[in-house]
Amino acid sequence: MLYYSTSKQSPTVNFRDATIAGLAPDKGLYFPSEVPKYEPAFIKNIRKYSNEEIAFTVIRPFVGDCIPGNLLRDIVSETVNFPFPLHTIKENIYSLELFHGPTLAFKDVGARFMSRCLSFFNREKKEKVLVLVATSGDTGGAVANGFFNVPGIDVVILYPSGKVSDFQEMQLTTLGGNVTACKVDGTFDDCQALVKQAFADDGLKSHVSLSSANSINVARWLPQQFYYLFAYQQWQHEDVPPVFSVPSGNFGNLCAGLLAYACGLPVDHFIAACNANDAVYDYIQSGIFGAKPTIATISNAMDVGNPSNFARLLALFNEDHVSVRKVLSAYSISDEETKATLLRVFRDRNYLLDPHGAVAFRSLELFLEEHPAKKGILLETAHPVKFQNVVQPLINEAVEIPAGHNSPVTSGKLTQKLSSRYSDFKEFLLQPGFGK
Ligand SMILES: *Cc1c(COP(=O)(O)O)cnc(C)c1O
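In structure tokens:
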């Protein structure tokens, strides 16, 4: 499989080079040059397959011969070694729980897969790879955990000061080792801009070998297809394919679902469930896209004003707005509505959503009001305990940390403070020791 850049200036590359590069040299995102189709028997018999077998079958054509089959099997089985249950909330709404991984959010899957691929690709090099990642909340923890102590890799995480939850900040700042967390005086989009600028800086790249662990990286993006197949494997309504409601910020997760659909997964419709950050919502309504300043909300992992993966959304539909609208609807849900939904579902259905899941639930409800014969799945992307500060006052109860997951240690936070100026960031990265 070859990957082309969505900016169409850079040459095509294989999975290995796309993973190492992160962003293409022309600043486009790598996108598969062909869409592999599932064997009809694979979908028909999907109940007979284990999660490992599903994941291996799905990812194999995208990796090609860049990783030997037996090793890819090992990587995949380490990636999906926790449950992905489909929970019935009511007769037509189901929740795919993606929060049973080590950092209690869905990003564990992509981070675990990518760290192992990158470590394999770098196995013979003397110099370390320096992985840069900007986070709106959950990426940082997942990447820190997924890459912690992985040989040959140093990690620098940028997060917006005061805009991630306490639990999230603990998860990304307390590991130490090969993981450095930087608290940036700015928004998530500022963090993302710093990472993008570093990638475009040839002077910097002549000193350190850079890679990115944001969902722009194909090795983080592609394994997110698994969720949709795991959901379908548990789906009981063979003649009514599911509608998927995806809480969206940078749009990596949703684009992975759309890719699985293009490969042949039966899906009725997709919903981009957005908070007040509604750039893609506006595009779906009007056909015109414009990046917007980030707005802080209670579903903070979706506070993205200029979603990176929008380029992939366009690539999936050959930039045709009419085709986009056939498959994808969007909703923008306010914080008030998110809170009301969270509380209502907790009271009426005895099911505790996190704020991101509540945005997806409400979006799905609105869609189903117009399409009463359909049934849908919302992707519950994080455990509510990660948003204790929002959830606890609402329901008037403390949320328990699930068994087997310890509270991140509250002492010894290791953070480096940075301004949002690129020159400061560069100086920081050029310190001796990084990536050596
Ligand atoms: C990252 C994140 C999202 C947004 O996912 P994208 O792939 O960036 O659209 C939604 N919910 C949670 C909990 C997240 O951590």
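Last residue of the sequence shown: number 553 in this note's numbering, and the count goes up by one each step with no gaps. Ideal Cβ positions, reconstructed from N, Cα and C, are used throughout, including at glycine. Please read all numbers here as calculations on a predicted model, not as lab measurements.
- [ ] For F473, count neighbouring Cβ atoms within 10 angstroms of its own Cβ and tell me buried if that reaches 16, exposed if not.
- [x] This sequence places His at residue 473; Phe is not what is there. By the neighbour-count rule (16 or more Cβ atoms within 10 Å), H473 is buried.
- [ ] Compare the beta carbon distance of P359 and I160 with 8 Å and say whether it is the shorter of the two.
- [x] no
Open item on the list: For E517, which residues in the same chain have their Cβ closer than 8 Å to its Cβ, ignoring the five residues on either side in sequence?
Closed with: V502
Task: Integer-rounded CB distance, given that F230 should sit under 8 Å from I192 - done: 6 Å
Open item on the list: Can you tell me which residues form a DSSP beta bridge with P149?
Closed with: Y120
Task: Three-pair Cβ contact test at 8 Å for the segment 444-464 versus the segment 472-492 - done: yes
TODO: Consult DSSP for V296 and reduce its assignment to one of helix, strand or coil.
DONE: strand
Open item on the list: Contact between the segment 441-451 and the segment 297-312 is defined here as three or more beta-carbon pairs at a separation below 8 Å; is this criterion met?
Closed with: no
Task: Inter-residue spacing [alpha-carbon to alpha-carbon] between V397 and F406 - done: 7 Å
TODO: For I206, I'd like the list of residues in its chain whose CB is within less than 6 Å of its CB, leaving aside the five on either flank, ordered along the chain.
DONE: S212, R466 and Y468
TODO: Please name the residue in R538, L375 and T220 whose C-alpha comes closest to that of W338.
DONE: L375
Open item on the list: Check for me: the beta strand (DSSP E) holding G493 runs from which residue to which?
Closed with: G493 to E497
Open item on the list: Do F484 and I388 count as a contact pair if the criterion is CB distance below 8 Å?
Closed with: yes
Open item on the list: Tell me the DSSP secondary structure of K125 in three-state form.
Closed with: coil
- [ ] Return the CA-CA distance between L554 and H324, expressed in angstroms with no decimal places.
- [x] Because residue 554 is not part of the residues shown, which for the chain are 118 to 553, the question remains open.
TODO: Within its chain, find whatever has a CB closer than 7 Å to the CB of S528; leave out the 5 residues flanking it on each side and keep chain order.
DONE: Only weak support is given to the placement of S528: the predicted model assigns it a pLDDT of 44, under 50, and the value that follows is read from those uncertain coordinates. Nothing listed; no residue qualifies.
Task: Close-in-space but distant-in-sequence residues of the same chain around A428 (CB under 7 Å, 5 per side omitted) - done: T123, G145 and L146
- [ ] Below 7 Å CB to CB, which residues in the same chain sit around G139 once its five sequence neighbours on both sides are set aside?
- [x] F316, S328, S329, I333 and N334
TODO: Tell me C391's beta-bridge partners as DSSP assigns them.
DONE: S449
Task: A298 versus L289: straight-line alpha-carbon distance, rounded - done: 7 Å
Task: Proximal residues to L188 (C-beta, below 8 Å), its chain only, five neighbours per side dropped - done: F237
- [ ] Taking the CB atoms as reference points, tell me whether F201 and F361 lie closer together than 8 Å.
- [x] no
Task: Distance between Q351 and G521 (C-alpha atoms, nearest Å) - done: 25 Å
TODO: With hydrogens ignored, establish whether the beta-carbon of P364 is closer than 7 Å to any heavy atom of ligand 1.
DONE: yes
TODO: Measure the C-alpha to C-alpha separation of E214 and N168 and round it to an integer number of angstroms.
DONE: 14 Å
Open item on the list: Mapping the DSSP letters down to three states, classify S537 as helix, strand or coil.
Closed with: coil
Task: Span separating the alpha-carbon of L546 from that of Q314 - done: 12 Å
Task: Status (buried if at least 16 other CB within 10 Å, exposed otherwise) for G422 - done: buried
TODO: Determine the contact status of K224 and T256, defining contact as a CB-CB distance below 8 Å.
DONE: yes
- [ ] Give the C-beta separation of R233 and E195 to the nearest angstrom, bearing in mind that I take them to be a contact with Cβ-Cβ under 8 Å.
- [x] 6 Å
- [ ] Please go through the same chain and pick out, in chain order, the residues whose beta-carbon is closer than 8 Å to the beta-carbon of S150, but skip the five residues on each side of it.
- [x] M118, L119, Y120, Y121 and T129
Open item on the list: Under DSSP, the beta strand (DSSP E) around D271 begins and ends at which residues?
Closed with: I270 to P277
- [ ] Let me know the alpha helix (DSSP H) ranges lying completely inside the segment 205-247, each 4 residues or longer, listed in chain order.
- [x] 224-238
- [ ] Starting from the C-beta of V357, find all residues in its chain whose C-beta is less than 8 Å away, skip the five residues before and the five after it, and write them out in chain order.
- [x] D385, A490, K491 and K492
Open item on the list: If the criterion is Cβ atoms closer than 8 Å, does the pair F504 and D541 meet it?
Closed with: no
Open item on the list: I need the DSSP call for P178, collapsed to helix, strand or coil.
Closed with: helix
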